[in-house]
Amino acid sequence: HAMAEALLLGASLARLAVASERRPLGEREARRRGRIVPATLTAVACLLAGASLTAHRRGSGAGAPRGFAAAAGDNAPEPEEEFSAEELAPEPPPPEPRPPPRYRLQMGAGTEVYGEATVQAMGLVGEQAPKSWMFGWNRRWQKLFLKRWQPLASFRLSNAGMGAGLRLSRELMAEKSGNGADGTGLDLHTETEFVQEWPEDAPPGSSQQEEPDLPFPSLRQSVELVAGPRVQAKYLNMSLPFAVLLGAALGTEEGAAPNDGSLFKQVGPLEVYARLTTPGIREMRGVAWAVELADTWAGLVRASVQRPWAGRLRSLGGANPGGEGQWSLEHSRTHGAIPLPKRLAKGGAAISEAFGRLLDGVAPDSGDEPSAAVIPSTRLRADSDGGAAALSLQSSESAFGGSGWDGMVEANRKGWGARLRLTGGSARGTLGQPQYTVTGQAGWRESLKFLHQFKWGFSDGQGVWVTVRPSEKGPPRVSAGLEVR
Numbered sequence: 037h038a039m040a041e042a043l044l045l046g047a048s049l050a051r052l053a054v055a056s057e058r059r060p061l062g063e064r065e066a067r068r069r070g071r072i073v074p075a076t077l078t079a080v081a082c083l084l085a086g087a088s089l090t091a092h093r094r095g096s097g098a099g100a101p102r103g104f105a106a107a108a109g110d111n112a113p114e115p116e117e118e119f120s121a122e123e124l125a126p127e128p129p130p131p132e133p134r135p136p137p138r139y140r141l142q143m144g145a146g147t148e149v150y151g152e153a154t155v156q157a158m159g160l161v162g163e164q165a166p167k168s169w170m171f172g173w174n175r176r177w178q179k180l181f182l183k184r185w186q187p188l189a190s191f192r193l194s195n196a197g198m199g200a201g202l203r204l205s206r207e208l209m210a211e212k213s214g215n216g217a218d219g220t221g222l223d224l225h226t227e228t229e230f231v232q233e234w235p236e237d238a239p240p241g242s243s244q245q246e247e248p249d250l251p252f253p254s255l256r257q258s259v260e261l262v263a264g265p266r267v268q269a270k271y272l273n274m275s276l277p278f279a280v281l282l283g284a285a286l287g288t289e290e291g292a293a294p295n296d297g298s299l300f301k302q303v304g305p306l307e308v309y310a311r312l313t314t315p316g317i318r319e320m321r322g323v324a325w326a327v328e329l330a331d332t333w334a335g336l337v338r339a340s341v342q343r344p345w346a347g348r349l350r351s352l353g354g355a356n357p358g359g360e361g362q363w364s365l366e367h368s369r370t371h372g373a374i375p376l377p378k379r380l381a382k383g384g385a386a387i388s389e390a391f392g393r394l395l396d397g398v399a400p401d402s403g404d405e406p407s408a409a410v411i412p413s414t415r416l417r418a419d420s421d422g423g424a425a426a427l428s429l430q431s432s433e434s435a436f437g438g439s440g441w442d443g444m445v446e447a448n449r450k451g452w453g454a455r456l457r458l459t460g461g462s463a464r465g466t467l468g469q470p471q472y473t474v475t476g477q478a479g480w481r482e483s484l485k486f487l488h489q490f491k492w493g494f495s496d497g498q499g500v501w502v503t504v505r506p507s508e509k510g511p512p513r514v515s516a517g518l519e520v521r
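So, in C-alpha cells, the structure goes:
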C-alpha cells in the first residue's frame with residue numbers, strides 16, 4: 037500500500053511541475069523537460085517509500101511520514117521484545133512423582149489336627165489387588181505310614197500357579213529321636229511333587245487377541261539323605277550345628293540352579309545337589325501375623341505378633357501348645373549423605389590411593405578435588421524383650437565398593453555394643469579387599485569384651501578370615517575360616 041501511494045504522489049508532483057512553467061518553451065525543450073522532471077520526482081518518491089518501510093521494520097516510527105505509517109496499518113511488524121537471561125534459561129524438568137509405598141503381609145495359623153495354613157500378599161499401597169499372593173497348607177502326621185514312614189502333605193495356590201506334594205520320611209538310626217525324622221540323625225526322604233503354572237499375560241500394547249494356552253504340568257520325584265549332628269557324633273566323633281543334605285531328583289522339566297549357595301549339577305534329566313540345613317522341625321501352634329511397609333522417604337516399618345492358642349482353643353496346640361506370645365515393632369531408615377570436611381576427604385583419598393597401588397598397582401584417579409561423605413542409618417525397635425536402638429554410619433566410598441569404613445552402636449535392655457570395620461582396596465579389584473573388624477560388647481556396668489577379625493574377601497563371597505575372641509579364663513581363642521566356591 038505504501039509503494040502504491042508513493043507512485044501516485046510522484047505522478048501528481050510531475051503534473052504540477054509541468055503545469056507551473058512560467059515562460060513558453062520550444063517544442064523540443066518542452067518534450068525533454070516533460071520526460072526528465074516526472075522521472076526524477078518518481079525516483080525520489082520511491083526512495084522515500086523504501087526508507088519509510090525500512091524504518092517500520094526496525095521498529096522505529098520517528099521521522100516517517102504519517103501517510104506511510106497509516107498505509108502500513110496492521111501489517112507492520114511489531115518491535116522485537118527484549119528478554120532477560122533468566123527468562124531465556126531452559127525450564128527445569130518437572131519433578132518425578134514419588135513411588136507409592138510397598139507393603140508385604142503374612143498371616144498364618146497352625147494346629148496339630150488340621151495342620152498349618154499361611155497367606156502372603158505383596159503390592160503397592162493404593163492398588164486394589166496385590167501384585168503377588170500365595171496361599172499354602174501343609175500337615176505332618178505323627179502316626180507312621182506302613183509302620184516306618186512319616187507322611188507330610190502340602191498344597192500351594194498363588195497368582196503364578198498351583199502345586200501339591202506328598203513327602204515320606206524315615207529314620208535310619210536305631211536310636212530314635214522321639215520326634216520322627218527331624219534332621220538330627222540319619223533320615224531318608226522321598227517326595228513326589230506336582231506343579232501347574234498359569235499362562236503368562238500378554239504384554240500391554242500387543243496384538244495378541246487369543247487367550248494363551250495353559251502350560252503342561254510338571255512332575256518331580258526326589259530322594260534325599262540327611263546326616264544330622266547325632267550321626268556325626270556317632271561315626272565321625274564330631275558334631276556340627278547343622279545337617280548335611282545330599283539329594284537327587286528326576287523331573288519332566290529341567291530344573292534351574294538354586295541361588296542359596298548349594299551345590300547343583302545337572303546330569304541329563306537327573307539333578308544332583310547338596311546343601312546345609314538346620315536340624316529340627318518348626319511347626320506353628322497358634323496364630324501369627326507380620327506386616328512390612330517400605331517408603332522411599334519414611335523408611336521401613338515392620339510389625340509382628342505371635343500368640344499361642346489360649347482358653348478353649350489351647351487343646352489345638354497338642355503336645356506343644358506354642359510357648360509364650362511375642363510381639364515386635366521396628367523402624368529403620370537410611371538418611372541422606374552428610375559431607376565431611378576437606379581435610380578428612382584428602383586423608384581418605386590418600387589412604388585409598390595407597391591401598392590401590394599396593395593391591396592392584398594402579399591408584400584411583402585423583403585429578404578432581406577429593407570429596408567424602410558419611411551416610412547415617414537409624415533403627416528403633418520395641419518388642420516383648422524390651423526393645424533396642426542402633427545408629428550406623430558408613431562412608432560413601434565403601435557404599436560403592438571402594439576403600440572406606442563403617443560402624444555401628446547399639447543399645448538394648450541387657451547392655452550395649454559397638455562395631456568398627458575398615459575396608460581397603462576395591463570390590464572390582466582382582467586381588468580382593470582386606471577387612472579389619474573390631475566388635476565390643478558389654479552388659480550395663482560391665483567391662484567391654486572385644487572381638488577382632490581379619491578377613492580377605494572377594495565380591496562373590498569367597499574369602500579367608502581369622503577371628504580372635506576373648507575367653508572366660510586363659511588366653512584368647514583363635515579360629516580360622518575359608519570359603520571357596
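So the number in our numbering is just where the residue sits in the sequence shown, counting from 1, plus 36.
Don't be surprised by glycine CBs; every beta carbon is placed ideally from N, CA and C.
Rounded Cβ spacing between Leu255 and Gly214 (contact assumed at less than 8 Å): About 34 Å; that fails the 8 Å criterion.
Paired residues, beta bridge with Glu328 - DSSP: Arg140, Arg338
Reduced DSSP category for Gly99 - H, G, I as helix; E, B as strand; rest coil: Any reading at Gly99 is ruled out, since the residue's pLDDT is 45, under 50, leaving its predicted position unreliable.
Straight-line Cα distance separating Arg338 from Arg449: 20 Å
CA-to-CA distance, Val445 to Gly510, given in whole angstroms: 28 Å
Closest Cα partner of Arg175 within the set Gly151, Pro166, Glu163, Val155: Gly151
Contact set for Leu484: own chain, Cβ-Cβ below 6 Å, skip 5 residues either direction: Gly476, Ala478
Whole-angstrom distance between Pro137 and Ala334, CA atom to CA atom: 9 Å
Three-state secondary structure assigned by DSSP to Tyr150: coil
Same chain, Cβ closer than 6 Å to Arg415, five either side skipped, listed in chain order: Ser368, Ala426
Ser432 in three-state terms, based on DSSP: helix
Heavy atom of the ligand ZN within 7 Å of Lys179 beta-carbon: For the ligand ZN, the structure offers nothing, since it holds no ligand at all.
Boundaries (first-last residue) of the alpha helix (DSSP H) holding Gln268: 265-271
6 Å Cβ shell around Glu229 - same chain, five flanking residues per side excluded: Gly201, Arg256
Completely contained alpha helix (DSSP H) runs for the segment 453-507, where each covers 4 or more residues: none
Burial state of Tyr309 (16 or more Cβ within 10 Å): buried
Between the CA atoms of Pro131 and Arg94 - distance to the nearest angstrom: Low confidence applies to Arg94: its pLDDT is 47, below 50, so where it sits in the model is not reliable, and the reading given next is rough at best. Going by the C-alpha atoms only, they are around 42 Å apart.
Neighbourhood of Ser190 by C-beta distance below 6 Å, restricted to the same chain and skipping five residues each side: Asn174, Gly201
Counted within 10 angstroms of its Cβ, other Cβ atoms place Thr466 as buried (16 or more) or exposed: exposed
Helix, strand or coil at Val301 [DSSP, three-state]: The sequence given here places Lys at residue 301; Val does not occur at that position. In this structure, Lys301 counts as strand in the three-state DSSP scheme.
Start and end residues, beta strand (DSSP E) containing Glu207: 197-207
C-beta atoms of Pro315 and Thr459 nearer than 8 Å: no
CB of Val323 within 8 Å of CB of Ala145, strictly: yes
Given Arg464 as reference, the closest of Phe436, Val410, Glu207 once Cα atoms are compared: Phe436
Residue from Val341, Thr154, Gly159, Gln268 whose Cα sits closest to the Cα of Leu365: Val341
Proximal residues to Pro248 (C-beta, below 6 Å), its chain only, five neighbours per side dropped: Pro235
Cβ shell of Leu188 (< 6 Å), same chain only, five flanking positions each side left out: Arg176, Arg203
Residue interval of the beta strand (DSSP E) (run including Pro187): 186-194
Supposed close pair Leu603, Glu260 - CB separation, criterion 8 Å: Outside the modelled stretch of the chain, which goes from 37 to 521, sits residue 603, for which no answer is possible.
Beta-carbon separation (whole angstroms), Gly443 vs Leu456, contact threshold 8 Å: 5 Å
For Arg449, the three-state DSSP class (helix, strand or coil): coil
Per DSSP, cross-strand counterpart(s) of Gln257: Thr228, Leu286
DSSP three-state assignment for Arg134, whether helix, strand or coil: coil
Arg481 classed as buried or exposed, judged by whether at least 16 other C-beta atoms fall within 10 angstroms: exposed
Straight-line gap, Arg266 to Gln178 (C-alpha atoms, nearest Å): 21 Å
Where Arg415 falls: helix, strand or coil (DSSP): strand
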